[in-house]
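K.L.:
Numbering-wise (numbering that gives the first Met the number 0), the sequence shown opens with residue 0 and increments by one. One structure, as structure tokens, below. Some questions next.
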Amino acid sequence: MLDALKVIILGIVEGITEWLPVSSTGHLILVGDLLAPGLSKEFMEMFNVVIQLGAIMAVVVLYFHKLNPFSPKKNQKQKMLTWQMWIKVAIASVPAGIVGVLFNDILDTIFYKPLPVAIMLIVYGVLFIIIENRNKGCRPSVNKISDLSITMLLWIGFFQMLALIPGTSRSGATIVGALMIGVSREVAAEFTFFLAIPVMFGASFLKLLKFGFAFTGAEFGFLMLGCIVSFVVSVIAIKFLMSYIKKNDFKVFGYYRILLGGLIVLVSIIQAIIG
């Protein structure tokens, strides 16, 4: 029962922090040890990635019509625009896809530590504040995904690649990159959601292959529970974010990241003193 409760809490953390630009890794560092269920380390490493499938299914469900190029409710032009959108997602996914396959484990080994994560939280928090202040009063140059050029897509893809460093936040990095080149907040957030689909499906598939699909009945049950909770919470988080940014900027998330980064540093110092 206690392990199930911990899995539910981890699903809630994933569902919120995957889409809000606040870093799921940073939160897991704070709560991961306390909430770690009594399961193998290998299973939990796989669980923390594959639980993202629940989060990504929330995007698929919420945006199914927009994502579906075969929808009978779309005319030929709309279907063509949908295929073009998927091509743009594929182009923007290339940098992170290449670097992720080649260096993801190395980057985790080097940077998955409290101090580097805290630094990335703070750096991108400051960037959110600086960029939003710079853009204040300016009209965005890109208000539709169809307006994104190949150069813009590669720029956003480059920032998604930087998110392979733990603590950066995939959504945070891609939104920062998009805002820097004049993309509207709504388009930046929405494209970030779509960009997550191939990346997160790919990462989950690789982790499942590495784990070997060798689940016990309890492990499979915990994985399904985590994914379901992550899905439900993600639906709420995505709707909240899209509603929030229609009237507000991203600076509040910048301040939150700075506070979270500072808290991680403080907790690390206390643990070092006590230990």
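Here a beta-carbon is modelled for each residue, glycine too, at the ideal position from N, C-alpha and C. Note that the coordinates shown come from a computational prediction; the quantities given were computed from them, not determined experimentally.
Going by DSSP in three states, V21 sits in which element: helix, strand or coil?
P.N.:
Mapped onto the sequence shown, residue 21 falls at position 22. Of the three classes helix, strand and coil, the one that applies to V21 here is coil, per DSSP.
K.L.:
Can you give the beta carbon distance from A276 to G156, rounded, assuming they're within the 8 Å contact cut?
P.N.:
This structure gives no information on residue 276, because the portion of the chain shown stretches from 0 to 274.
K.L.:
Considering Cα atoms alone, identify which of Q159, L52, S39 is closest to P94.
P.N.:
To locate residue 94, count along the sequence shown from 1; it is residue 95. Nearest C-alpha to P94: Q159.
K.L.:
Any chance the segment 50-57 sits against the segment 1-17, with 3 or more Cβ pairs inside 8 Å?
P.N.:
A contact exists between the segment 50-57 and the segment 1-17.
K.L.:
Use the C-beta contact count for V60: other C-beta atoms within 10 angstroms, 16 or more gives buried, fewer gives exposed.
P.N.:
Position 61 of the sequence shown, counted from the first residue, corresponds to residue 60. By the 10 Å Cβ count, V60 comes out exposed.
K.L.:
G166 and V116: beta carbons closer than 9 Å?
P.N.:
Residue 166 sits at position 167 when you count from the first residue of the sequence shown. Residue 116 sits at position 117 when you count from the first residue of the sequence shown. Yes; because the gap between Cβ atoms is below 9 Å, this pair is in contact.
K.L.:
Are the C-beta of N134 and some C-beta of chain D separated by less than 9 Å?
P.N.:
Structure shown: chain D not included; a single protein chain is present.
K.L.:
Have a look at the DSSP bridge pairing and note the partners of V182.
P.N.:
Within the sequence shown, residue 182 is the residue found at index 183, counting from 1. Its beta-bridge partners are V141.
K.L.:
According to the Cβ coordinates, are G261 and S168 closer than 9 Å?
P.N.:
Here the question's residue 261 lines up with position 262 in the sequence shown. Here the question's residue 168 lines up with position 169 in the sequence shown. No, the pair does not count as a contact, with Cβ atoms beyond the cut-off.
K.L.:
Determine the closest residue to P197 out of I86, V266, I227, A187, with distance taken between C-alpha atoms.
P.N.:
Taking the sequence shown and counting its residues from 1, one reaches residue 197 at position 198. The option with the nearest alpha carbon to P197 is I86.
K.L.:
Rounded C-beta distance between L114 and V264? I'm assuming under 8 Å.
P.N.:
Taking the first residue of the sequence shown as 1, we reach residue 114 at position 115. Taking the first residue of the sequence shown as 1, we reach residue 264 at position 265. Right, the Cβ-Cβ distance comes to about 7 Å (below 8 Å), so this counts as a contact.
K.L.:
Pull up the distance between the alpha-carbon of F252 and that of L29, whole angstroms please.
P.N.:
Within the sequence shown, residue 252 is the residue found at index 253, counting from 1. Within the sequence shown, residue 29 is the residue found at index 30, counting from 1. So the two alpha carbons sit approximately 18 Å from each other.
K.L.:
What does a CB cutoff of less than 6 Å around S183 pick up in its chain, not counting 5 residues either side in sequence?
P.N.:
For the purposes of this step, residue 183 is identified with residue 184 of the sequence shown, where counting begins at 1. Around S183: P139, N142.
K.L.:
Under 9 Å, do N132 and A202 count as touching if we go by C-beta distance?
P.N.:
The count along the sequence shown starts at 1 and reaches residue 132 at position 133. The count along the sequence shown starts at 1 and reaches residue 202 at position 203. In this structure, A202 does not lie closer than 9 Å to N132 by Cβ.
K.L.:
Applying the 10 Å Cβ sphere with the 16-neighbour rule, what's the burial state of S229?
P.N.:
Looking up residue 229 in the sequence shown gives position 230. With 16 or more Cβ atoms within 10 Å of its Cβ, S229 is classed as buried.
K.L.:
Between K135, V58, V49, which has its C-alpha nearest L207's C-alpha?
P.N.:
Here the question's residue 207 lines up with position 208 in the sequence shown. For the residues K135, V58, V49, the minimum Cα distance to L207 belongs to V49.
K.L.:
Taking V125 as the reference, which of K76, K250, E41 has the closest Cα?
P.N.:
Against the sequence shown, residue 125 aligns to sequence position 126. It is K250.
K.L.:
Taking all protein chains shown into account, do 16 or more other C-beta atoms lie within 10 angstroms of the C-beta of V275, making it buried, or fewer, making it exposed?
P.N.:
Limits of the chain in this structure are 0 at one end and 274 at the other, which puts residue 275 out of reach.
K.L.:
Would you grab the beta carbon distance between P68 and K78 for me? Rounded to a whole angstrom, and I think it's under 8 Å.
P.N.:
Position 69 of the sequence shown, counting from 1, holds the residue named residue 68. Position 79 of the sequence shown, counting from 1, holds the residue named residue 78. P68 to K78, Cβ: 5 Å. Contact.
K.L.:
Please return the same chain residues whose Cβ sits closer than 7 Å to the Cβ of L240, not counting the five positions on each side in sequence.
P.N.:
In the sequence shown, the residue the question calls residue 240 occupies position 241. Closer than 7 Å at the Cβ level, and outside the excluded window around L240, lie W18, L19, A188.
K.L.:
Going by beta carbon distance, what residues of the same chain come within less than 6 Å of V88, once the five residues before and after it are set aside?
P.N.:
Within the sequence shown, numbered from 1, the residue matching residue 88 stands at position 89. Within the same chain, V88 has close Cβ partners F193, L194.
K.L.:
For V98 versus L163, is the C-beta distance shorter than 9 Å?
P.N.:
Within the sequence shown, residue 98 is the residue found at index 99, counting from 1. Within the sequence shown, residue 163 is the residue found at index 164, counting from 1. Taking 9 Å as the Cβ cut-off, V98 and L163 qualify as a contacting pair.
K.L.:
Measuring straight from C-alpha to C-alpha, what distance separates T191 and L222?
P.N.:
Translated into the one-based positions of the sequence shown, residue 191 becomes position 192. Translated into the one-based positions of the sequence shown, residue 222 becomes position 223. Straight-line Cα distance between these residues: approximately 25 Å.
K.L.:
Evaluate C226 with the Cβ neighbour count: other Cβ atoms within 10 Å of its Cβ, from every protein chain shown; 16 or more gives buried, anything less gives exposed.
P.N.:
By 1-based counting over the sequence shown, the position of residue 226 is 227. So C226 counts as buried.
K.L.:
What I want to know is whether the C-beta of T215 ends up closer than 8 Å to one or more non-hydrogen atoms of the ligand NAP.
P.N.:
By its list of ligands, the structure shown contains no ligand whatsoever, and the ligand NAP lies outside what it can speak to.
K.L.:
Taking the alpha carbon of V186 as the point to measure from, which residue in L147, K209, F219 has its own alpha carbon closest?
P.N.:
As a first step, residue 186 is located in the sequence shown; it is residue number 187 there, counting from the start. Residue L147 is the option with its Cα nearest to V186.
K.L.:
Let me check understanding here. Comparing Cα to Cα, which of T108, M151, V175 lies closest to I129?
P.N.:
The sequence position of residue 129 within the sequence shown is 130, counting from 1. Ranking the options by Cα distance to I129, first place goes to V175.
K.L.:
Whole angstroms are fine: how far does the CA of M119 sit from the CA of L27?
P.N.:
Against the sequence shown, residue 27 aligns to sequence position 28. Against the sequence shown, residue 119 aligns to sequence position 120. Going by the C-alpha atoms only, they are around 15 Å apart.
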